[in-house]
Amino acid sequence: STLDDSLLPLDPDALDCLRNPPQHQLKIEDPHLHLAIDTYLALEHSAIEAYNNVHKAVLRCYPDTDFPSYYKIKHIVAQMSGIESIIDDMCAEDCTAFTGDYALLNHCPHCHSYRYDQIKYKASNGKVKSPVKVFYTAPISLQLQTLYQDPAAAANM
21 STLDDSLLPL DPDALDCLRN PPQHQLKIED PHLHLAIDTY LALEHSAIEA
71 YNNVHKAVLR CYPDTDFPSY YKIKHIVAQM SGIESIIDDM CAEDCTAFTG
121 DYALLNHCPH CHSYRYDQIK YKASNGKVKS PVKVFYTAPI SLQLQTLYQD
171 PAAAANM
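Count along the sequence shown starting at 1, add 20, and that's the number in the working numbering.
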């Protein structure tokens, strides 16, 4: 797989960031944005619902604050850090990732399970292709570029 691969599901902005990494250290001066980012990162491995519950609690306590929604803060963090996840379809049994040579397959070559939810697929006459399972990858190159933006982190590598 290369950056020019038409099947690579990277957003054009993320691709540009990968090719032209930021050369400045990130500074967050808005305390509300800083709180939202800290909350988002603290709940990174939790359900989206956990962030949304914190979001509601903050707005209930501080109704005039600009505390972004989960999807907005996720987008902000991706823009600020340059790190964006690649989402790929996965076999329901974890046999195969539908990437590279397998990107155009509709069945797992190992267990022959369907790639897409057959109920949704059939109900839509083949128009809705909802993957049975997905996995997320954060490219190491983007993570390293972000770490090198911070002099302290770069010195510790």
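From the three backbone atoms N, C-alpha and C, an ideal C-beta is built for every residue, glycine too.
Whole-angstrom distance between residue j and residue i, CA atom to CA atom
i, j, result
"residue 80", "residue 73", "10 Å"
"residue 36", "residue 95", "16 Å"
"residue 99", "residue 172", "21 Å"
"residue 165", "residue 130", "36 Å"
"residue 48", "residue 59", "14 Å"
"residue 152", "residue 133", "10 Å"
"residue 122", "residue 116", "8 Å"
"residue 139", "residue 69", "26 Å"
"residue 126", "residue 143", "17 Å"
"residue 118", "residue 150", "13 Å"
Range of the contiguous beta strand (DSSP E) that encloses residue i
i, result
"residue 108", "106–110"
Opening and closing residue of the alpha helix (DSSP H) in which residue i lies
i, result
"residue 7", "The question about residue 7 has no answer here: the residues shown for the chain are numbered 21 through 177."
"residue 137", "No alpha helix (DSSP H) contains residue 137, which DSSP labels as neither H nor E."
"residue 72", "68–81"
"residue 122", "Neither: residue 122 is in no alpha helix (DSSP H) and is coded neither H nor E."
"residue 59", "51–62"
Best match in the options for proximity to residue i [C-alpha to C-alpha]
i, options, result
"residue 18", "56, 68, 139 and 71", "The chain is shown from 21 up to 177; residue 18 falls before or after that span and cannot be answered."
"residue 102", "45, 70 and 119", "45"
"residue 75", "65, 111 and 52", "52"
"residue 112", "93, 137 and 88", "137"
"residue 62", "176, 118, 93 and 128", "93"
"residue 64", "124, 135, 82 and 90", "90"
"residue 54", "128, 39, 77 and 88", "88"
Sheet register partners of residue i (DSSP bridge)
i, result
"residue 156", "107"
"residue 151", "136"
Three-pair Cβ contact test at 8 Å for the stretch 141–159 versus the stretch 102–110: yes
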